[in-house]
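S.K.:
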Amino acid sequence: VEREIGVEKNAYSDTNYTQKIENGAVVANETVMAYDLVLINKGNTDMNQITFVDRSGAPFSGSVSFGYDVENPTIAEGGESENHSTVKLGSLNSFVLFRTDATGAEVSDSRKTFTTLKELSDEIADMKLPGGQSLHVRFLTATLNVQKAQMGTFINNLTVTAVSGGQPLSDS
2 VEREIGVEKN AYSDTNYTQK IENGAVVANE TVMAYDLVLI NKGNTDMNQI TFVDRSGAPF
62 SGSVSFGYDV ENPTIAEGGE SENHSTVKLG SLNSFVLFRT DATGAEVSDS RKTFTTLKEL
122 SDEIADMKLP GGQSLHVRFL TATLNVQKAQ MGTFINNLTV TAVSGGQPLS DS
């Protein structure tokens, strides 16, 4: 039995998820970034009790938690820095999840769309992710507003926990 977890957080400059933003890239002010949060089951046993926790670094402090054992999932949009720059977390109008296989191909009939974060969270809470598959979650956005003559660094941390074969796993 193999148990291993992986996490990716991919940012896109469009809500169709076609224009990926590479790590370290410069992003224009007021760009709405759409995230693809990915849990990878690198093992060969099912994963369950899946929980996502996404936090913006200080001083912005935006966050969202959803999935297993999250009673009331909400998005805390975050605050502003001492130079009045902001990073505001938000969401698209729909909450989408789907699975991909080890080759990256979407698993048929796995795409589901929800109208609320609570519905998405409940689905993930009850989900079993088969070994070798990845779970993609798409709804989270961030909008940066850096004041003129300022440079901004935005660090956003995604942590996912799950259980596989009775063993707790975590990755950031």
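In our numbering, the protein residues as written are 2 to 173.
By construction, the Cβ of each residue, glycine as well, lies at the ideal position given by its N, Cα and C atoms.
From a predicted model like this one, the values you see are computed outputs, not experimental measurements.
On the DSSP letters alone, give me the boundaries of the beta strand (DSSP E) that S64 sits inside.
M.R.: Looking at the DSSP string, the run of the beta strand (DSSP E) that includes S64 is S64 to G68.
S.K.: Please identify the residue among T32, Q148 and E120 whose C-alpha is closest to the C-alpha of E72.
M.R.: Nearest of T32, Q148 and E120 to E72, Cα basis: E120.
S.K.: Under 8 Å, with one C-beta from each stretch per pair, do the region 26-36 and the region 61-70 reach the 3-pair mark?
M.R.: Because the criterion of three Cβ pairs below 8 Å is not met, the region 26-36 and the region 61-70 do not touch.
S.K.: Just the C-alpha distance for V27 and V2, rounded to the nearest angstrom, thanks.
M.R.: Between V27 and V2, the C-alpha separation is close to 42 Å.
S.K.: For K43, collect the residues of the same chain with a Cβ closer than 6 Å to its Cβ; drop the 5 residues on either side in sequence, then sort them by chain order.
M.R.: For K43, where only same-chain residues beyond five positions count, the Cβ hits under 6 Å are E5 and G7.
S.K.: Quick one: give me the first and last residue of the alpha helix (DSSP H) that K119 is part of.
M.R.: That run of the alpha helix (DSSP H) goes L118 to A126.
S.K.: Using DSSP bridges, identify the partner residues of Y210.
M.R.: A question about residue 210 goes unanswered here, because the residues of the chain that appear run from 2 up to 173.
S.K.: Out of curiosity, what's the CA-to-CA distance linking I41 and E83?
M.R.: Spanning the two alpha carbons is a distance of roughly 37 Å.
S.K.: Return the residue from the list T144, V138 and V164 that minimises the CA-CA distance to K129.
M.R.: Of T144, V138 and V164, the residue nearest in Cα terms is V164.
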